[in-house]
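**Q** The working numbering puts the first residue of the sequence shown at 3, with every later residue one more than the last.
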Amino acid sequence: MEQCGFHRCTRTAPASVAERTRRFASAQGLHPPSRPRIASPQRRTHQTVGVHTFMTSHDRAQAIEATKARQATKARQAIEALDEPTLHVFQAVSALRRVLIRDVPLLFGEQSRYLQRAIQAGVVSSNGSYLQPADPQTGVAALQILAEPDRRALHLRLARLSVNEYDSGRQRDLGTPAGQDIELAISLERIATRAEQLGHVDVAIEFWGRAARRSVHGTAERHDRELRLAAQEHTNGHFQRAVEILEALTWSDLSSDQAERAIDLVTSATYKTAGLAAARLRAEQHRESLPPSHPHREMLDIYLAGLGENFSEVAEQLEAALPVLRSGHYSAAFRHAIINKLLYAKVNTGDGLDRELLDELEHLQNDLAELLLEDTVEAKVAVYAYTVDDIASSRSAIASMLVKCEVSGDTGFRQSLLVHAAHVDISTGKFTSADERLKQSASLSPRSSAAPATVRASGLLALELGRYDEVTQIIGRVPDVGVAPLGHLTRAALRGILLSRSGDAPAAIRHLEDALRTAEGLGIREPGRRLWLDVDLARAHLQNGDVDRAQSVATSLRGIADRTGRALPRLQARRVEAWLEAEGGSPRSLVAGTLALVAAAETMEWVPERARLITEALRMLRDIPLDNAQRSRIAHTARGALAVLEDGVARRELSTELSRWERSKLSALTPSERRVAELIAQGLTNRLAGEALHLSPRTIESHLRNAFIKLGVSNRTQLIAQFYPLTDTRAA
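#1: Secondary structure at residue 460, three-state DSSP: helix, strand or coil?
#2: Excluding the five sequence neighbours on either side, which residues of its own chain have a C-beta within less than 6 Å of the C-beta of residue 490, listed in chain order?
#3: Under 7 Å between the Cβ atoms of residue 214 and residue 206?
#4: Could you spell out the range, first to last residue, of the alpha helix (DSSP H) harbouring residue 673?
#5: Quick check on residue 135: does DSSP put it in helix, strand or coil?
#6: Does the beta-carbon of residue 417 have 16 or more other beta-carbons within 10 angstroms, so that it is buried, or is it exposed?
#7: Hey, which unbroken runs of the alpha helix (DSSP H) at 4 residues or more fall wholly within the region 204-228?
#8: Would you mind sorting residue 283 into buried or exposed? The rule is 16 or more other CB atoms within 10 Å of its CB.
#9: I'd like the span of the alpha helix (DSSP H) that includes residue 126, first residue to last.
#10: Judging by CA-CA distance, which residue of 105, 148, 115, 535 is the nearest neighbour of residue 81?
#11: Rounded to the nearest angstrom, what separates residue 522 and residue 311 at their Cα positions?
#12: At which residues does the alpha helix (DSSP H) containing residue 562 begin and terminate?
#13: Please report the distance separating the alpha-carbon of residue 230 from that of residue 223.
#14: Do the region 539-547 and the region 351-371 touch if we need at least three Cβ pairs shorter than 8 Å?
#15: Could you say which of 140, 174, 590, 100 lies nearest to residue 155 if we only look at CA atoms?
#16: Please list the terminal residues of the continuous alpha helix (DSSP H) segment that includes residue 737.
#17: Please state the DSSP three-state secondary structure of residue 148.
#18: Under the assumption that residue 433 contacts residue 467 (Cβ atoms under 8 Å), give the Cβ distance between them as a whole number of angstroms.
#19: Taking Cβ positions, are residue 132 and residue 153 nearer each other than 7 Å?
#20: Is the beta carbon of residue 573 closer than 7 Å to that of residue 602?
#21: Determine, using beta-carbon pairs with one atom in the region 617-631 and one in the region 662-682, whether at least three such pairs fall under 8 Å.
#22: At the level of alpha carbons, what is the spacing between residue 52 and residue 474?
#23: Is it buried or exposed for residue 687, if we count other Cβ within 10 angstroms and need 16 for buried?
#24: Please state whether the Cβ-Cβ distance between residue 449 and residue 423 is less than 7 Å.
#25: By how many angstroms is the C-alpha of residue 118 removed from the C-alpha of residue 87?
#26: Alpha carbon to alpha carbon, what distance is there between residue 459 and residue 617?
#27: Compare the C-alpha of residue 138 against each of 130, 129, 150, 125 and name the closest.
#28: In angstroms, rounded to a whole number, what distance separates the CA positions of residue 668 and residue 713?
#29: Write down the C-beta distance between residue 384 and residue 403 rounded to the nearest angstrom, noting that I regard them as a contact closer than 8 Å.
#30: Counting only the same chain and skipping the five closest in sequence on each side, list residues whose C-beta sits under 8 Å from that of residue 463.
#31: With a threshold of 8 Å, are at least 3 pairs of Cβ atoms found where one atom belongs to the region 343-361 and the other to the region 315-325?
#32: Does the region 259-274 touch the region 240-248, meaning 3 or more C-beta pairs lie closer than 8 Å?
#33: Kindly list the residues whose CB is nearer than 7 Å to the CB of residue 216, restricted to its own chain and excluding five residues on each side of it in sequence; keep chain order.
#34: In whole angstroms, what is the alpha-carbon distance linking residue 202 and residue 570?
#35: Thinking C-alpha only, which one of 263, 478, 180, 407 is nearest residue 212?
#36: Under 8 Å by Cβ, that's how I've got residue 556 and residue 575 pegged, so tell me the actual separation to the nearest angstrom.
Right under this line is the structure:
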């Protein structure tokens, strides 16, 4: 037998490789049965549903055991085929898990020649840069053949030879008997700290764990470090990795503060990757894993109350829990997390941004050293304010938070913040910016394209741009069945809006009512969170001839306005009432109501909707006699909307309607007045216009004065706008 430099065997008469392998496999129960088991025909082995056949749990367990047995047999046969030196080299590669080709001479020396045998035998693989076991299970089996002293000796020898700090520390730890070792713990902590500084989170977690098992300080420090690393992964947008770190913790051993931080992080990360239902399920699993009398269960009960699928119930339960939260029994961080959830619930139920809760959050925030950017008060204003009609506050907060995300490297929050920024851009008519934001968000997290918020923003943008085929494709990102309620709400809402605007009232009503039923089931009564479906539903009811249902929508919107004191619900209610007035009301009341509506719309931050509202007003009043001041006021408001709205369906429709409106005013001019006005609008002076028409300067002035009065303008610039209303006014 050839002597291998990696092992000094202590046995005087070592058994053969095949014999030791058989002993190990037998001790582990890894030998497969001599004959395959044949199921009794009386026993049901599968369940058949439709055309699909599913294995029962019993058969699945049997299949798993059979697979393990086959793998063990394969590993045993591969090891038995190796000679002793090749086996020792393979064991060294398995201990290191990965060996850089450049390090082979230093690690293996003269034994390097046996590596080629291991590669030819198929137990070691090479990709040109490094070597590793071809099958990790075979590598584990090869190491377990060694006696404990031999295995430790191998690890310690590799620790001395390894040039990689991580490999050296890992091998030293594996080669040292279990138990506390202060010197080794300090060394492992140093490696973990350097790995963390370099951003090697997986390695840092591994070495913090190894250090904790060697340290005399227990596991509390390790838990703190792993919570910090999970928060870092969350910040980097690696939500699944953050969940894996947190799931590896022993939750029953966490302190109360650690458990509060852990549950907040794990639900946030799970929500971003799998949605609310998955986040709630994970929290429930952690609660059920604790003993019945464990103190963390009460904390988890409160937290679970904030993860309900009905926001009305969530708000009610969390408001009831506020006295307990404020009693000092829970940490400031946990109070902050729960009040954040209460704030979100109240936004959804139509209570707006609760100022008292925001003030309390800000007070708590000042006492918290470690707080995710997405949990700050400014972040809440950024993502909630625009849904309750305060677009300016959201826009300002989003701009500030995007800078902070860039500086801090918070990729996770930046991705979701870009989607909210796209919503705000759509609301203000900046469609090019919205498109860029959505592309940036997708580049940071391609999987987020099917998230409800992203689908809403993408669908609304496509609707505004008139890309109706694209809207259908975007809706298709959300499955028809098996989707969470918020996803179903988004799908039904976008389809309903699309059908309503394309004139298919019966189909639109079906989808819009489905969306509103889903919203009611979730306790979502905030119109902004329901994409103002109420207005589209009222339009569809009127298209379908159902005046009473449209009136009920207007009444509901007025109720929201009266309860909250907000202007937009009141404006939308008056808008629906104007439609009703146009259906069968008096011209006088229609004129008064519509003029008041147009005046109120001038301050409306939602620019595309303002344009649609003004377009409707122009259509309703086009054939009704108005004085020049009234006509000029409406035209001025229309031009103001055009000036801040990028090209899209709303702008094109408003431009067309304004052109018709202006042409209807020109019909009041006499032929001579119109010819004079046209020449002046083309840029001619009074003298040149007179020469062209063979009229005296006094006649030109008289015709021009009459045209100014009839058209309601006071200067040549306004006159030009009357004749060329489709001129791009965005530069004005």
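Where is the CB? At the ideal position from N, CA and C, for every residue including glycine. The structure displayed is predicted, hence computed values, not measured ones.
**A** So, from the listed chains and residues:
#1: helix
#2: 520
#3: no
#4: 673-683
#5: strand
#6: buried
#7: none
#8: exposed
#9: Element bounds for residue 126: not the alpha helix (DSSP H) but the beta strand (DSSP E), 126-128.
#10: 148
#11: 11 Å
#12: 549-566
#13: 11 Å
#14: no
#15: 174
#16: Outside the shown range of the chain, which is 3 to 734, sits residue 737, and nothing can be said about it.
#17: coil
#18: 6 Å
#19: no
#20: yes
#21: yes
#22: For residue 52, the predicted structure reports a pLDDT of 38, less than 50, and the residue's modelled location is therefore unreliable. A value from the coordinates is still provided. If I take the Cα positions, the gap works out to 30 Å.
#23: exposed
#24: no
#25: 12 Å
#26: 24 Å
#27: 125
#28: 7 Å
#29: 5 Å
#30: 424, 428, 433, 436, 437, 440
#31: yes
#32: yes
#33: 182, 183, 186, 187, 190
#34: 50 Å
#35: 180
#36: 5 Å
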